[in-house]
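Enquirer:
Protein chains in written order, with the working numbering: chain W, 39 to 473; chain B, 39 to 473.
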């Protein structure tokens with residue numbers, strides 16, 4: 039038989055080493071969310087396709103979703119993103135929930151795509167969202183959380199930057215200042231989204247197809263050239279976009295006060311999902327020349343609950359994937375060493391007759407919360423140390439003929455090299471030594 | 039629009055309260071596994087159906103599996119159980135892995151079944167397995183781990199028992215002692231499996247259909263009447279099943295030495311999955327009269343790697359589901375109170391002008407690892423305490439007009455009722471107080 043030992047295409051096996059790394063990532067995410075008093079939630083791995091259609095339209099459904107009809111004739115899909123589930127759960131509970139609502143989750147998601155660097159079919163995504171926070175304070179808190187997360191991973195602003203924009207600015211520029219209709223605005227959004235990925239010539243060609251008049255083109259390329267907070271403020275003043283200026287300045291003031299400015303770069307090309315975001319939008323971008331890519335995206339949205347016929351509620355959130363995060367951490371040499379597990383004690387014996395007493399002591403120590411790795415057969419003294427290293431043990435217990443006679447265990451502290459002879463019965467003394 | 043706010047049939051939403059409970063269950067499982075030096079692994083949520091067919095045959099595939107054909111024409115399924123993935127991963131890595139291999143995982147699994155008490159379509163299962171341990175020591179360690187798990191949940195042997203049997207005993211009794219052919223042995227296994235769920239009359243009727251002779255019937259009902267270790271030893275001696283007696287006694291001796299006996303009950307009807315287990319089999323059974331059901335099943339197996347054409351390797355393991363576990367803990371009043379989150383500090387202010395300083399202090403405390411919940415608008419003194427309770431805060435920070443003037447925060451310890459006036463700049467002092 040030729041059964042494959044490999045995981046399904048685009049997915050990963052997590053052997054203990056990989057799982058320890060994943061746990062490190064998840065624990066750092068959870069710790070950060072808890073520092074900001076965000077509460078964890080989760081939903082089912084399957085939802086009805088109706089839900090995804092309502093949120094994302096047909097495009098995502100047709101191309102990238104793992105959908106199928108269940109045995110009860112329900113058209114369902116493995117979750118490709120968490121937001122629709124979040125919307126459903128918030129819609130079901132927000133009336134009874136204390137505001138602002140601060141939630142996070144680390145779901146695994148599946149998208150049908152060609153596996154490549156930074157993109158797999160199954161990945162995990164750290165999602166943080168805040169609902170119903172006062173004007174601009176939710177945006178600032180979500181950004182603080184994102185920065186704290188990166189700091190908790192050991193990163194600083196030499197390694198990453200947060201590219202930021204405000205959809206209100208883009209909307210006012212395109213619709214009011216340039217007087218574009220909905221359709222042209224939409225097309226221009228698509229062009230902006232691609233602006234950094236194409237040459238200037240191609241960009242100009244794309245724009246020329248929209249048949250803008252000279253003034254409109256000037257404004258557009260003027261807008262696209264902005265790259266600092268100062269420059270966008272001047273732009274908004276120059277064209278008298280007062281409302282956009284006021285709200286973006288309010289955000290900027292908070293960002294200054296709360297120490298976010300060293301992490302932020304104004305970027306007019308950041309627009310994110312067109313039908314979803316309505317305010318501040320951002321991406322965390324790797325600054326390393328070999329890994330210039332986004333590792334996180336998010337922003338402010340207003341109409342999450344619309345698909346459930348609920349009143350609008352402001353929300354701000356982001357999603358950060360484990361695959362791109364790992365690439366970032368690897369690029370900046372920030373991955374921890376997880377080659378070995380960690381154990382408090384390796385219990386070994388050097389005399390067959392000691393098996394039972396070794397097991398009894400192990401059991402009592404475990405009952406006291408000690409992490410014990412026991413051997414099942416006698417082990418020569420000189421083999422013990424390499425095993426202890428592989429097991430990441432802090433202490434080793436030896437029980438040889440001598441110890442059996444004296445009814446003691448020899449416990450060695452591998453760091454300080456100190457040794458202790460402790461009676462079989464003195465479990466408390468062992469626990470004190472080991473913890 | 040009529041979009042449903044409910045999760046897909048047979049699955050659950052985990053709002054923060056439910057998620058905290060799930061985290062408690064998972065953390066207790068992980069803690070227990072680590073006490074025994076088991077290392078965590080995980081696999082993809084999807085596998086090719088071939089893998090499940092190879093392990094379980096067609097029955098499971100046809101009735102209960104969430105299978106579908108992907109866009110690349112692969113026939114795949116959402117994992118209904120973890121064992122095939124485990125087998126694949128062990129087959130891929132065992133040659134380079136230190137023995138014994140001690141692994142655990144807490145995957146979510148999906149089975150298409152009618153949702154009912156203790157059974158949902160999506161559930162999580164704690165899986166522990168040990169490979170290549172010396173004779174009977176793996177069985178004993180896995181049982182110790184299961185007992186420790188129940189103890190770590192606060193349960194004792196008045197609440198649960200481990201029903202235990204040895205497939206070697208059943209095989210020897212049916213095939214050698216009763217001289218039954220393979221087909222009749224198989225049918226009798228099926229009857230044994232149902233024995234406790236039917237009346238004695240129905241049981242006798244089922245047996246009579248097998249056309250056993252009088253001696254065979256006597257032996258069979260003699261076997262079925264056994265219910266203590268003493269009685270099975272006498273049975274094995276009486277019928278001279280020496281090999282089964284020797285190996286089961288060896289297990290029993292370890293169980294005595296390692297303190298397992300108070301948790302074990304011999305039960306001749308425990309046989310578990312027919313094609314899979316080969317040695318000791320067991321179920322953890324709830325003793326409560328209102329919840330008489332298994333919450334965990336496992337045993338020893340030898341041929342896990344056969345489907346990959348690898349050499350046999352002994353293994354022992356168990357699976358324990360979160361739904362039945364929760365029912366058990368609820369029945370015995372062992373569920374923790376998870377109604378509120380836990381936070382170190384609730385930061386409030388009583389003067390609009392204090393917003394920025396409150397946010398700055400919050401940020402600095404978070405940078406020092408403190409879990410801080412901040413309010414975004416001023417909060418009257420008398421409303422602060424009920425909010426602190428809902429947020430599970432240990433301390434409250436107040437910044438009113440007075441504090442703004444003095445540039446201090448008033449921090450109150452909610453347990454001791456002590457209050458402290460601390461300068462805005464003395465972050466270290468605050469951290470010391472709060473941690």
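For each residue, glycine too, the CB sits at the ideal point set by N, CA and C.
So, using beta-carbon positions, are residue 197 of chain B and residue 326 of chain B closer together than 8 Å?
Expert: For residue 197 of chain B and residue 326 of chain B, yes; Cβs fall inside 8 Å.
Enquirer: List the residues that DSSP assigns as beta-bridge partners of residue 461 of chain B.
Expert: Answer by DSSP bridge pairing, in chain order: B:446.
Enquirer: Please tell me whether residue 345 of chain W and residue 202 of chain W are closer than 8 Å, where the distance is taken between their beta carbons.
Expert: No.
Enquirer: Would you identify the three-state DSSP class for residue 84 of chain W, choosing helix, strand or coil?
Expert: Three-state DSSP puts residue 84 of chain W in a strand.
Enquirer: Using the beta-carbon count (16 or more within 10 Å), is residue 168 of chain W buried or exposed?
Expert: Answer is buried; the Cβ neighbour count reaches 16.
Enquirer: For the segment 55 to 67 of chain W against the segment 84 to 94 of chain W, do three or more pairs of beta-carbon atoms, one drawn from each stretch, fall closer than 8 Å, so that the two count as touching?
Expert: They do not touch, by the three-pair rule.
Enquirer: Ignore the nearest five residues each way along the sequence and tell me which others in residue 379 of chain B's own chain have a CB closer than 8 Å to its CB.
Expert: 54, 58, 429, 430.
Enquirer: Kindly indicate if chain B contains any beta-carbon less than 8 Å away from that of residue 59 of chain W.
Expert: So, not an interface residue.
Enquirer: Quick one: residues in its chain with C-beta nearer than 8 Å to the C-beta of residue 157 of chain W, no 5 flanking neighbours on either side, listed in chain order?
Expert: Cβ neighbours of residue 157 of chain W beyond the five flanking positions: 151, 361.
Enquirer: Chain B partners of residue 132 of chain W, CB-CB under 7 Å?
Expert: By Cβ distance, chain B contributes nothing, its closest Cβ being about 11 Å from residue 132 of chain W, past 7 Å.
Enquirer: Which of the three DSSP states is assigned to residue 319 of chain B in this structure?
Expert: Strand at residue 319 of chain B.
Enquirer: Under DSSP, the beta strand (DSSP E) around residue 142 of chain B begins and ends at which residues?
Expert: 139 to 143 is the span of the beta strand (DSSP E), which, as asked, contains residue 142 of chain B.
Enquirer: What do you get for residue 113 of chain W, buried or exposed, if any count of 16 or more other CB atoms within 10 angstroms of its CB means buried?
Expert: Answer is exposed; the Cβ neighbour count stays below 16.
Enquirer: Can you check DSSP and say which residues form a bridge with residue 147 of chain W?
Expert: W:161, per the DSSP bridge assignment.
Enquirer: Taking the straight line between their C-alpha atoms, what separation do you get for residue 396 of chain W and residue 142 of chain B?
Expert: Using only the alpha carbons, I get a separation of about 23 Å.
Enquirer: Starting from residue 113 of chain W, trace the alpha helix (DSSP H) in both directions and tell me its first and last residue.
Expert: First-last for residue 113 of chain W: 113 to 116, but that is the beta strand (DSSP E), not the alpha helix (DSSP H).
Enquirer: Are the CB atoms of residue 320 of chain W and residue 336 of chain W within a distance shorter than 8 Å?
Expert: Taking 8 Å as the Cβ cut-off, residue 336 of chain W and residue 320 of chain W qualify as a contacting pair.
Enquirer: Do residue 411 of chain W and residue 184 of chain W have their C-beta atoms within less than 8 Å of each other?
Expert: No, Cβ-Cβ distance for residue 411 of chain W and residue 184 of chain W is not below 8 Å.
Enquirer: When you compare the segment 382 to 393 of chain W with the segment 349 to 356 of chain W, are there three or more beta-carbon pairs, one atom per stretch, that lie closer than 8 Å?
Expert: Taking 8 Å as the limit for Cβ pairs, the verdict is that the segment 349 to 356 of chain W does not touch the segment 382 to 393 of chain W.
Enquirer: Can you look up residue 154 of chain B in the DSSP assignment and give me helix, strand or coil?
Expert: Of the three classes helix, strand and coil, the one that applies to residue 154 of chain B here is strand, per DSSP.
Enquirer: Jot down the residue ranges of each uninterrupted alpha helix (DSSP H) in the segment 409 to 455 of chain B, minimum 4 residues, whole runs only, in chain order.
Expert: You should have 419 to 428, 439 to 444.
Enquirer: Quick one: measure Cβ to Cβ for residue 173 of chain W and residue 286 of chain W, integer angstroms, because I've assumed they're closer than 8 Å.
Expert: That belief does not hold up - the Cβ atoms of residue 173 of chain W and residue 286 of chain W are roughly 12 Å apart, past 8 Å.
Enquirer: Hey, could you find the ends of the alpha helix (DSSP H) residue 291 of chain W is sitting in?
Expert: Element bounds for residue 291 of chain W: 280 to 295.
Enquirer: Please state whether the Cβ-Cβ distance between residue 461 of chain W and residue 473 of chain W is less than 8 Å.
Expert: Against a cut-off of 8 Å, the Cβ pair of residue 473 of chain W and residue 461 of chain W comes out as no contact.
Enquirer: Can you tell me where the alpha helix (DSSP H) with residue 198 of chain B in it begins and where it stops?
Expert: Not the alpha helix (DSSP H): residue 198 of chain B falls in the beta strand (DSSP E), residues 198 to 204.
Enquirer: Distance, Cα to Cα, residue 324 of chain W vs residue 110 of chain B?
Expert: In a straight line, the C-alpha of residue 324 of chain W is about 33 Å away from that of residue 110 of chain B.
Enquirer: For a cutoff of 8 Å on Cβ pairs, would you count residue 388 of chain W as touching chain B?
Expert: No, residue 388 of chain W lies away from the interface with chain B (no Cβ there is under 8 Å from its Cβ).
Enquirer: Tell me the residue span of the beta strand (DSSP E) that contains residue 354 of chain B.
Expert: It spans 353 to 359 - the beta strand (DSSP E) in which residue 354 of chain B sits, taken as one unbroken run.
Enquirer: Do the CB positions of residue 206 of chain W and residue 307 of chain W come within less than 8 Å of each other?
Expert: No.
Enquirer: Between residue 69 of chain W and residue 72 of chain B, is the Cβ-Cβ spacing less than 8 Å?
Expert: It is not a contact, given that the beta carbons lie outside the stated cut-off.
Enquirer: So, is the C-beta of residue 39 of chain B closer than 8 Å to a C-beta in chain W?
Expert: Low confidence applies to residue 39 of chain B: its pLDDT is 48, below 50, so where it sits in the model is not reliable, and the reading given next is rough at best. For residue 39 of chain B, the answer is yes, since a Cβ of chain W falls inside 8 Å of its Cβ.
Enquirer: Rounded to the nearest angstrom, how far is the Cβ of residue 123 of chain W from that of residue 85 of chain W, given a contact under 8 Å?
Expert: That pair is a contact at about 6 Å.
Enquirer: For residue 293 of chain W, which residues from the same chain have a beta carbon less than 7 Å from its beta carbon, with the 5 sequence-adjacent residues on both sides left out?
Expert: So the list reads 178, 299, 302, once near-sequence residues are dropped.
Enquirer: Give me, in chain order, the residues of the same chain whose beta-carbon lies closer than 7 Å to that of residue 222 of chain W; leave out the 5 immediate sequence neighbours on both sides.
Expert: Excluding residues within five positions, the ones whose Cβ falls inside 7 Å are 248.
Enquirer: Quick one, which residues of the segment 286 to 301 of chain W are near chain B if we go by CB-CB under 7 Å, in chain order?
Expert: Residues passing the 7 Å Cβ filter: 295, 296, 297.
Enquirer: Just checking my contact of residue 400 of chain W with residue 385 of chain W at CB under 8 Å: how many whole Å lie between their CB atoms?
Expert: Sure, about 5 Å apart at Cβ, within 8 Å.
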